[in-house]
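S.K.: Converting from the sequence shown to our numbering requires adding 298 to each position, the first position being numbered 1. The beta carbon of each residue, even a glycine, is placed where N, CA and C say it ideally should be. All figures in this text were calculated on a predicted structure; none of them were measured in a lab.
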Amino acid sequence: MTKYLADIFEILRRGQFICDNSPNQEIQSLYNIMEDKDTFDDLYAYFKQINYSLEQGNGYFYFSRNEKNVSLDRKLDKAFEWIDWLDFLKSYDNTFDVGFKFTPAEITSQLKNNADLKNKLENLKNIRGNKRSHDERIREIIKNLERENFIALEEEFSETYKVLNSFHYLKDLISIINIPEEIENEIPE
Numbered sequence: 299m300t301k302y303l304a305d306i307f308e309i310l311r312r313g314q315f316i317c318d319n320s321p322n323q324e325i326q327s328l329y330n331i332m333e334d335k336d337t338f339d340d341l342y343a344y345f346k347q348i349n350y351s352l353e354q355g356n357g358y359f360y361f362s363r364n365e366k367n368v369s370l371d372r373k374l375d376k377a378f379e380w381i382d383w384l385d386f387l388k389s390y391d392n393t394f395d396v397g398f399k400f401t402p403a404e405i406t407s408q409l410k411n412n413a414d415l416k417n418k419l420e421n422l423k424n425i426r427g428n429k430r431s432h433d434e435r436i437r438e439i440i441k442n443l444e445r446e447n448f449i450a451l452e453e454e455f456s457e458t459y460k461v462l463n464s465f466h467y468l469k470d471l472i473s474i475i476n477i478p479e480e481i482e483n484e485i486p487e
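1) Report all residues from its chain with a CB closer than 6 Å to the CB of Phe359; omit the five preceding and five following residues, and keep chain order.
2) Please go through the same chain and pick out, in chain order, the residues whose beta-carbon is closer than 6 Å to the beta-carbon of Leu387, but skip the five residues on each side of it.
3) If the criterion is Cβ atoms closer than 9 Å, does the pair Leu462 and Phe448 meet it?
4) I'd like to check one pair, Glu444 with Gly313: are the Cβ atoms closer than 9 Å?
5) Mapping DSSP to helix, strand and coil, what is Leu352?
6) Tell me whether Leu451 sits in a helix, a strand or coil according to DSSP, three-state version.
7) I think Arg435 touches Leu419, with their Cβ atoms under 8 Å apart; what is that distance to the nearest whole Å?
8) Based on the DSSP output, what are the partners of Phe361 in its beta bridges?
9) Is the beta carbon of Gly355 closer than 9 Å to that of Tyr467?
This is the structure in structure tokens:
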């Protein structure tokens, strides 16, 4: 275990995920090591001592930490950003989910026929830029998703990306948001 401890820590401390369906063989190997119950328990105990909580999701591992309320605003901003990305991607293709494969060109092509998708792209807060092309904006979304380890480049030549198991994290985050019926009509669309 100690042989892989530094690699696991380096990946997870950056807020990334270790997914079993990553096209990166090294990440897959780390996942397989961590999946062993005894190894997971040892890693959990070790990281707990340094204030990290090792968590396991559906086909992925990540760190969580109890942080002060100062970082709560930052976390909420990030969650809103993820929700916007997910909304955009589901508008592109409602089957966009773990294992889904796509290219930036396919998304750009959809903009011509899908006014809702184009509107959502224009309204993304962190992807704006009047002088930037739609393709550049889409590539920025993809770059962000890849950096945060929700997707990975599977085929460089065709520029095909694959949605990783860590995408469950986004879906789970959104599914736990409960909006009571009595205020549902008060939320602007």
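M.R.: Inspection of the coordinates gives the following:
1) Ile316, Met332
2) Phe394
3) Yes; because the gap between Cβ atoms is below 9 Å, this pair is in contact.
4) no
5) strand
6) strand
7) 6 Å
8) Phe361 pairs with Leu352.
9) Yes, the Cβ-Cβ distance between Tyr467 and Gly355 is below 9 Å.
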